[in-house]
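In my numbering, the protein residues as written are 1 to 192. All C-beta atoms, glycine included, are put in the ideal place defined by N, C-alpha and C.
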Ligand code: GLN
């Protein structure tokens, strides 16, 4: 039995809940998906997903509730999408509390105003993938142990380090479950 938590402080939480449940069902994994609002919820999880939203708001709430410390201390796999990617970084171009779980520098709203939101085919895991970018960040620097999973032009938009994964785009807004499958595999590796 694995338990995946979706951080529920702000952002598009329900979409992640839905696709995570569908992915787990399809893979026939005995599991539970729960909303994470407190430190006690974190203690029940084998992995946590941080959705898109407003990273400054989520980071302040994570700090205030003690969830930030609890996630760092628990050392479970974490996936972050869009605002979640920002929160996983060690550095951003903006002063805000971060989890620092992936050795990378992230540029918030990196695609500028005009292209603030767009959909584009990118390549990930060797095939095409519809990337949905909404005021998305990109990764401007990575440490040696970070694996680059996808780029859009010259900009890094998906990375992994250890059991953690981050995407600048929104996998929860597509029917393509590959990113969630990847994360669930990482969680399973840690509970086996
Ligand atoms: N630009 C937002 C931030 O930095 C992220 C946008 C999103 O999650 N769709 O928090």
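Asked: Which of helix, strand or coil DSSP assigns to residue 166; Found: strand
Asked: beta-carbon residue 152 near the ligand GLN non-hydrogen atom, thresh 7 Å; Found: no
Asked: Continuous alpha helix (DSSP H) assignments of at least 4 residues falling wholly in the region 16-55; Found: 39-44
Asked: 6 Å Cβ shell around residue 62 - same chain, five flanking residues per side excluded; Found: 68
Asked: Local Cβ density within 10 Å of residue 122, reported as buried at 16 or more and exposed below that; Found: buried
Asked: C-alpha gap between residue 100 and residue 64, whole angstroms; Found: 17 Å
Asked: Residue 80 - containing beta strand (DSSP E), residue span; Found: 78-81
Asked: Among 172, 106, 12, nearest to residue 53 - alpha-carbon criterion; Found: 12
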